[in-house]
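S.K.:
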Amino acid sequence: MRPVQELADFFVALAGGAEESPDVAGTLSVLAHHSPLLLGVRATAAVVFAPGGREAPQVVCHDPEVARLEREAVERREGLVHDCLHHDRGPRLVAFDGRPANLRWPHYAPGVVALGYTRGVAVPLRGRTGTTGALVLLSSDAESLLDPGMLQLCQSMADFTAITLERARETEQSRTLAAQLERALSSRVIIEQAKGVLATRRRLTMDEAFAVLRGYARSRRRQLNEVAREVVEGRADPELTGAPEG
C-alpha cells in the first residue's frame with residue numbers, strides 16, 4: 001500500500017499550496033522529489049517540452065547525471081522519452097543491458113547502465129491539450145516496474161502534473177498580459193498628461209498638442225512615452241514646452 005500521507009503531500013505540493021500559484025520549474029521539482037518514494041523506484045526524471053517544441057526541454061531529476069543523460073538522449077533522438085512521445089505503444093519495460101536496447105540506443109542504453117540502472121519505463125505527461133513530455137522511471141529491479149498498480153499511480157501522477165503545468169503556463173501568460181496592459185495604460189496616462197501641459201503652455205488644442213509631442217519624439221528618434229514623461233516631470237526641452245530657458 002502506498003504511503004497515504006506522502007501521496008497527499010505530493011498533490012498538495014503540486015497544486016502550489018494554499019497561497020502560491022504553480023510554476024513550471026517548481027511543478028517538475030515536486031514530481032521529481034516525490035515520485036521515487038511513491039513509485040518504489042531508484043530514480044525518476046521529468047522531461048517537459050515547451051509549447052511548439054522550439055526550445056530545449058526542461059529536465060528535472062534528483063540525480064544530475066541522469067538529468068544530463070536524458071537531455072543528451074533527447075538531442076540524439078534516443079531513449080525512453082523519445083520512444084514514449086513518438087511511438088504510442090503504452091509503457092514498456094526496457095532492459096538497458098540487453099542487445100535490443102543497445103542496438104536501438106547506442107549512447108543512451110550504455111549510459112544508463114553505467115549509472116547503475118538496468119531497467120526502465122516511461123509514461124507520457126498528458127494534459128488537456130496534448131502530451132507535453134514524459135516521466136522516466138529507472139530501477140535495477142524489473143518486478144517493481146511491472147506492478148500494474150504502480151504504473152496506474154504513475155500515470156495518474158503524470159497526468160495531474162501535465163494539467164498543473166498547463167495551468168502554470170496559463171497563469172504565466174495572464175501575468176505577462178496584465179503587465180503589458182498596465183504598462184500600456186500607464187503610458188497612455190502620461191501622454192494625456194503631457195498633452196495637457198503642452199496645450200496649456202503653448203495655447204494649443206489637445207490634438208495640436210499631441211501632434212507637437214509626437215513630431216518632437218519622431219524627429220529625435222525617441223520613444224513617445226519617454227518624451228511625455230519628461231514634459232510631465234518638468235525636464236523637457238524648452239523648445240518643446242515653450243517654457244523660457246534659464
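In UniProt numbering, the protein residues as written are 1 to 246. From the three backbone atoms N, C-alpha and C, an ideal C-beta is built for every residue, glycine too. Keep in mind it's a predicted model, so treat the numbers as computed, not measured.
1) Considering only C-alpha positions, which residue in the set 40, 96, 197 and 167 is nearest to residue 127?
2) On the criterion of 16 or more Cβ atoms from any shown chain inside 10 Å, does residue 130 qualify as buried, or is it exposed?
3) Rounded C-beta distance between residue 197 and residue 241? I'm assuming under 8 Å.
4) For the ligand SAH, is there a heavy atom less than 6 Å away from the beta-carbon of residue 61?
5) With distances taken from CA atoms, which of 24, 23 and 33 is nearest residue 9?
6) Bridge partners for residue 95 per DSSP, in chain order?
7) Taking all protein chains shown into account, decide if residue 91 is buried (16 or more other Cβ within 10 angstroms of its Cβ) or exposed.
8) The alpha helix (DSSP H) that contains residue 165, what's its start and end?
9) Are the segment 135-143 and the segment 37-53 touching, with three or more C-beta to C-beta distances below 8 Å?
10) Quick one: measure Cβ to Cβ for residue 122 and residue 84, integer angstroms, because I've assumed they're closer than 8 Å.
11) Alpha carbon to alpha carbon, how far is residue 234 from residue 29? Give it in angstroms, no decimals.
12) Kindly provide the ranges of any beta strand (DSSP E) runs that are 3 or more residues long and lie completely inside the segment 23-69, ordered along the chain.
13) Kindly indicate the opening and closing residues of the alpha helix (DSSP H) around residue 228.
14) Suppose the cutoff is 7 Å on Cβ atoms and the five residues either side in sequence are ignored; what does the same chain contact list for residue 163 look like?
15) Can you tell which of 116, 117, 82 and 182 has the C-alpha that lies nearest to the C-alpha of residue 105?
16) Counting C-beta neighbours from all protein chains within 10 Å, is the total for residue 63 16 or more, i.e. buried, or is it exposed?
17) Quick check: what's the CA-CA separation for residue 159 versus residue 145?
18) By the DSSP assignment, the alpha helix (DSSP H) with residue 109 in it spans what residues?
19) Please state whether the Cβ-Cβ distance between residue 211 and residue 195 is less than 7 Å.
20) How about residue 149 and residue 48: are their beta carbons less than 7 Å apart?
21) Work out the CA separation of residue 199 and residue 19 for me, nearest whole Å.
22) On the DSSP bridge list, what partners appear for residue 126?
M.R.: Let's see:
1) By one-based count along the sequence shown, residue 127 stands at place 127. Checked all of 40, 96, 197 and 167; the closest Cα to residue 127 is 167.
2) Here residue 130 is taken as the residue at index 130 of the sequence shown, counted from 1. So residue 130 ends up on the exposed side.
3) The residue you call residue 197 lines up with position 197 of the sequence shown. The residue you call residue 241 lines up with position 241 of the sequence shown. Rounded, the Cβ-Cβ distance is 7 Å, consistent with contact.
4) Among the ligands in the structure shown, none appear at all, so the ligand SAH cannot be discussed.
5) Sequence index remark: in the sequence shown, residue 9 carries index 9 (1-based). Nearest option by C-alpha distance: 33.
6) In the sequence shown, residue 95 corresponds to position 95, counting from 1. 119.
7) Along the sequence shown, one-based indexing puts residue 91 at 91. Residue 91 is buried by the Cβ-count criterion.
8) Numbered from its first residue, the sequence shown carries residue 165 at position 165. Counting along the chain, the alpha helix (DSSP H) containing residue 165 begins and ends at 148-202.
9) yes
10) The residue labelled residue 122 in the question sits at position 122 within the sequence shown. The residue labelled residue 84 in the question sits at position 84 within the sequence shown. Indeed they touch by this definition, with Cβ atoms about 4 Å apart.
11) As a working note, residue 29 is residue 29 in the sequence shown. As a working note, residue 234 is residue 234 in the sequence shown. Spanning the two alpha carbons is a distance of roughly 50 Å.
12) 43-48 and 58-60
13) Translated into positions along the sequence shown, residue 228 becomes position 228. Start and end: 224-232.
14) The residue you call residue 163 lines up with position 163 of the sequence shown. Once the five neighbours on either side are set aside, the close Cβ partners of residue 163 are 127 and 128.
15) Position 105 of the sequence shown, counted from the start, is the residue given in the question as residue 105. The residue with the shortest Cα to Cα distance from residue 105 is 82.
16) For the purposes of this step, residue 63 is taken as residue 63 along the sequence shown, with counting starting at 1. It counts as buried.
17) The count along the sequence shown starts at 1 and reaches residue 159 at position 159. The count along the sequence shown starts at 1 and reaches residue 145 at position 145. If I take the Cα positions, the gap works out to 18 Å.
18) Position 109 of the sequence shown holds residue 109. Here the alpha helix (DSSP H) through residue 109 covers 108-114.
19) Counting from 1 along the sequence shown, the entry for residue 211 is found at position 211. Counting from 1 along the sequence shown, the entry for residue 195 is found at position 195. No, the Cβ-Cβ distance between residue 211 and residue 195 is not below 7 Å.
20) Residue mapping note: residue 149 aligns to position 149 of the sequence shown, counting from 1. Residue mapping note: residue 48 aligns to position 48 of the sequence shown, counting from 1. For residue 149 and residue 48, no; Cβs fall outside 7 Å.
21) As a working note, residue 19 is residue 19 in the sequence shown. As a working note, residue 199 is residue 199 in the sequence shown. Residue confidence for residue 19 is low, a pLDDT of 46 falling below 50, so the modelled location carries little weight and cannot support an answer.
22) One-based indexing of the sequence shown puts residue 126 at position 126. For residue 126, which the question treats as bridged, DSSP gives the partners 131.
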